[in-house]
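Enquirer:
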Amino acid sequence: MPIIFKKDTNQFYLHTDHSSYIIELLDGRIPLHVYWGKPLDAIAPAMDWDSSFATMFLAWDTGIEHTHFNTTGGLPLEYPVYGSGDMRDPAFHVQFADGSRVMRLEYAGHTIFDGKPALKGLPATYATKDEAQTLELHLKDALSGLSVYLQYTVIPAYDAITRAVRVVNGGEESIRLLQVASASVDFYDSEFDMIHLPGVWARERQIERHRLIHGVQRADSKRGASSHYQNPFFALVSPDTTETNGDAYGFNLVYSGNFAAGAEKDAYEMVRATIGINGFDFSWLLESGESFQSPEAVMVYSAEGLGEMSRRFHRLYRDHLLRGKYQHAERPVLLNNWEGTYWDFTEQKLLEIAAGGKKMGVDMLVLDDGWFGKDRMGETGDIGDWVVDKRKLPNGLKGLGDKINAMGLKFGLWFEPEVFSQNTDIYAQHPDWCIHVKDRPRTKWRHTLNLDYSRPEVCEYIIKAVSDVLSSAPIAYVKWDYNRNISEPGSPALPPERQQELHHRYMLGLYYVMETLTSRFPDVLFEGCSGGGGRFDPGMLYYMPQIWTSDDTDPEERLYIQHGTSLAYPAVTMSAHLSASPNHQTGRATPFKMRGDVAMAGQFGYELDPAKMTDEEIATAQEQIAFYKKYRHIVQQGDMYRLVSPYDEPFAAWQFISPDANTAMLYTFVITGKPYQPPKRVKLQALDADAIYVEELSGVEYTGAQLMQVGVPRCRLNDHLSEIAVFRKK
Ligand code: DGJ
């Protein structure tokens, strides 16, 4: 059984195939964190808390006069609260009607059951009764009647533990929630490096690793979106952990809004990791009898380094987070007109682009920004009335879509449904439908205001507007863009005491809209986007199985972005396009082949005007697409190994291995401008040591052991900066 309660020691054991997580009820009352790491069947006798607590007598801290743990200060707590002696960052912080913030959460019962309950209104990983088991640990504050349910689900075969928290106000008076973290873990060890993924527009998810110092270190967002700037992922790893060795603890929040994720190292050399909704500018009024559900945190432990940590996230997300028709189906290769035309196109031009794409072998033409409104010729044009611009598309979306279908291509369409500009009918009718504070200026961002998705009527309006368009034409794909963050966070629809609920209510509204649209149009492939990768998180992936990774399509920049993104997210979720050279974001010129090779490590597509391609490039594109279609199931469903990091060397190497482990793809990339590199070799991983592998292009045979232990030269094709080699088991 993955979850066991041992009554004699008051311990809960949560076992995955390669890890254990142990909680103990101190005095049968206070849940303490005992252990998380390699599999461990029993701790017997039970923990000797008295001796750990004795340390506290020596120090200046609360709890000195307490003998029977009346205080929680200094102990490894499973869900720390503020106000009763624990002075570290709390997971939970509330204010009662009398103004007090002190409580005592003590064990009030537990249930263990098969399966994994859905989280009301929120995205979350899912699993059947055969695949998972759940523990709900009920903690109660006797004085106020407040109950907290710690929800743990173990998905053993995926080595994942998910956590969430449900709060129920069982008292008579209202309670204001100030902080409800989804997970908190107290480690006895303090020698950790923290890894997280900061970035910016066009340079998202760059890997940053640093030693934990005393104090709080966290990544967070206050932008109303998970953002380009930080990602709701972090890892704590031993200082000597590498891709292949060492402890790695990964945390990821299934949420797309404001979050806080990080660790505090305290004076006693203990480390507390916390992840959840950002407590900054958040509060939630919980009336008597009401409940509040936190988002889900996914926790993955690996004793085999960062690579295995990532693969555990990848497998879990591929099989237990992504949903719908395209979850495991081979995804189409698409051609997007954005960098080919920007806003300046006609139906005729789009049909020419589609014809070029057809010749190359793509599956779909995607029409990006600019197909709607009265004057959408640039960023200042109107956005928000989702009605086709007949001057550009005289035959409407149906006329265009039918013609594209007649060419044998599918048709996809761009939307940005969370914003509107002031020069629209919808703004004229509902000027208060934007997020704003009365009588204060409304900050425009890319000339738009943010629709207030905390309002049900706004959500219904958008569902209808998008549904009408999707029903009006043969649309097989939607790119859901979002090009701003939230400023002036206020909603006239919320009373003053609930204004700080806006950010979370916005996310609940957005998730409702996405759930409704994706289930109403199950055949449509939805791709998330937020000015590139400004909202690349598991919350979005629950609704949209792929995300536009970055607006930066420069292949060298993409090496860093895709390498960083892969720490938590699988290749099948990363949209990647070959675009024109010199690159529109960086001005750098790169070979057509390298642009394709980098993009083929994700969800492959093109983003240019085929009319500007040479015959040779068209021929290469034909080869690329044929190659990708032959092997895309390996990139999309196989395991990924990061062999060489571009953050370490002017070179990168990635390996994908097929689910049946018979075929390995080796991607190698040389970063330009750094000649005369040492003649190192790339060593593959996870092959069958005794088997013979044939390299498809050359026909050369290698043993698995040779490929893994001796490796192959980094640059085998002297005239190229990149190469994809396929090794097939004989
Ligand atoms: C930002 C996206 O990331 C781009 O791909 C493109 O769709 C533009 N928005 C359109 O305005």
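Convert by adding 1 to the 1-based position in the sequence shown; the result is the number in this note's numbering.
Cβ coordinates follow ideal geometry from the N, Cα and C atoms, glycine included.
Listed by chain order, which residues have C-beta atoms less than 6 Å from any heavy atom of the ligand DGJ?
Expert: Answer in sequence order: Trp339, Asp369, Asp370, Trp415, Asp482, Asn484, Cys530, Gly532, Gly533, Trp549, Asp552.
Enquirer: At what residues does the alpha helix (DSSP H) containing Ser564 begin and finish?
Expert: The sequence as given places His at residue 564; Ser does not occur at that position. Per DSSP, His564 belongs to the alpha helix (DSSP H) from 556-566.
Enquirer: Within its chain, find whatever has a CB closer than 8 Å to the CB of Lys399; leave out the 5 residues flanking it on each side and keep chain order.
Expert: Closer than 8 Å at Cβ, skipping near neighbours: Ser473, Ala474, Pro475.
Enquirer: With a 10 Å radius around its C-beta and 16 neighbouring C-beta atoms as the bar for buried, classify Asp190 as buried or exposed.
Expert: When all chains shown are included, Asp190 counts as exposed.
Enquirer: Across which residues does DSSP place Phe293 in a beta bridge pair?
Expert: Paired residue(s): Val168.
Enquirer: Where does Trp434 sit, in a helix, a strand or coil, going by DSSP?
Expert: Helix at Trp434.
Enquirer: Check the C-beta distance from Gly705 over to Leu688 and give it rounded, since I have them as a contact under 8 Å.
Expert: With 8 Å as the limit, Gly705 and Leu688 qualify as a contact, their Cβ atoms being about 4 Å apart.
Enquirer: Helix, strand or coil: how does DSSP classify Leu59 here?
Expert: Any reading at Leu59 is ruled out, since the residue's pLDDT is 45, under 50, leaving its predicted position unreliable.
Enquirer: Bridge partners of Thr163, per DSSP?
Expert: Partner(s): Thr154, Val299.
Enquirer: Per DSSP, which residues does Tyr14 bridge with? Please list them.
Expert: Answer is Ile5, Ile23.
Enquirer: Considering only C-alpha positions, which residue in the set Gln207, Glu309, Gln180, Gly263 is nearest to Thr242?
Expert: Among Gln207, Glu309, Gln180, Gly263, the Cα nearest to that of Thr242 is on Glu309.
Enquirer: Three or more beta-carbon pairs under 8 Å between the segment 356-367 and the segment 404-414, yes or no?
Expert: With a cut-off of 8 Å, the segment 404-414 and the segment 356-367 count as touching, because enough Cβ pairs lie within range.
Enquirer: Check each candidate in Ala203, Glu697, Asp369, Ile278 and name the one with the smallest Cα separation from Leu509.
Expert: Taking only the C-alpha atoms, the option nearest Leu509 is Ile278.
Enquirer: Could I get the ranges of all uninterrupted beta strand (DSSP E) runs contained in the segment 68-126, with 3 residues as the minimum, in chain order?
Expert: Segments of the beta strand (DSSP E) lying fully in the segment 68-126: 93-97, 107-115.
Enquirer: Hey, how far is the Cα of Val479 from the Cα of Lys594?
Expert: Approximately 28 Å between the Cα atoms of the pair.
Enquirer: Taking C-alpha atoms, which residue in Tyr428, Thr154, Ala143, Glu137 lies nearest to Lys130?
Expert: Answer by Cα proximity: Thr154.
Enquirer: Based on Cα-Cα distance, which residue from Gly374, Met300, Gly534, Ile619 lies nearest to Ala249?
Expert: Cα-wise, what sits closest to Ala249 is Met300.
Enquirer: When DSSP labels each residue in this structure, what does Thr1 get in the three-state scheme?
Expert: Outside the displayed span of the chain (2 to 731) sits residue 1, for which this structure offers no information.
Enquirer: Quick one: grab the DSSP three-state call for Asn406.
Expert: Asn406: helix per DSSP, three-state reduction.
Enquirer: Can at least three beta-carbon pairs, one atom from the segment 208-225 and one from the segment 261-270, be found at a separation below 8 Å?
Expert: Enough Cβ pairs lie closer than 8 Å, so yes.
Enquirer: Going by the beta-carbon positions, is the gap between Pro296 and Leu323 smaller than 8 Å?
Expert: The answer is no: Cβ separation not under 8 Å.
Enquirer: So, are the CB atoms of Arg312 and Asp640 less than 8 Å apart?
Expert: In this structure, Asp640 lies closer than 8 Å to Arg312 by Cβ.
Enquirer: For Lys731 versus Val701, is the C-beta distance shorter than 8 Å?
Expert: Not a contact, by the Cβ cut-off of 8 Å.
Enquirer: May I have the straight-line CA-CA distance separating Arg273 from Gly38, to the nearest angstrom?
Expert: Their Cα atoms are separated by approximately 15 Å.
Enquirer: So is Phe605 buried or exposed if we call it buried at 16+ other beta carbons inside 10 Å?
Expert: By the 10 Å Cβ count, Phe605 comes out buried.
Enquirer: Using the DSSP secondary-structure output, state which residues sit across from Asn337 in a beta bridge.
Expert: Paired residues: Val367.
Enquirer: Restricting to Cα atoms, I'd like to know which of Val169, Val636, Asn396, Trp339 is closest to Gly533.
Expert: It is Trp339 whose Cα lies nearest to the Cα of Gly533.
Enquirer: According to DSSP, is Ala429 part of a helix, a strand, or is it coil?
Expert: Looking at Ala429 - three-state DSSP - the assignment turns out to be helix.
Enquirer: Which first and last residues belong to the alpha helix (DSSP H) in which Ala355 is found?
Expert: Ala355 -> alpha helix (DSSP H) spans 348-361.
Enquirer: In chain order, what residues of the same chain lie with their CB nearer than 6 Å to the CB of Arg633, ignoring the 5 residues before and after it?
Expert: Only Glu331 meet the Cβ criterion.
Enquirer: Using only the alpha-carbon positions, how far apart do Ile148 and Asp282 sit?
Expert: According to the sequence shown, residue 148 is Ser rather than Ile. Computed Cα separation, rounded: 23 Å.
Enquirer: Where Gly357 and Thr245 are concerned, what is the direct C-alpha to C-alpha distance, given to the nearest angstrom?
Expert: Gly357 and Thr245: Cα-Cα distance of roughly 44 Å.
Enquirer: Roughly how many angstroms lie between the CA atoms of Glu498 and Met88, to the nearest whole one?
Expert: So the alpha carbons of these two residues sit roughly 28 Å apart.
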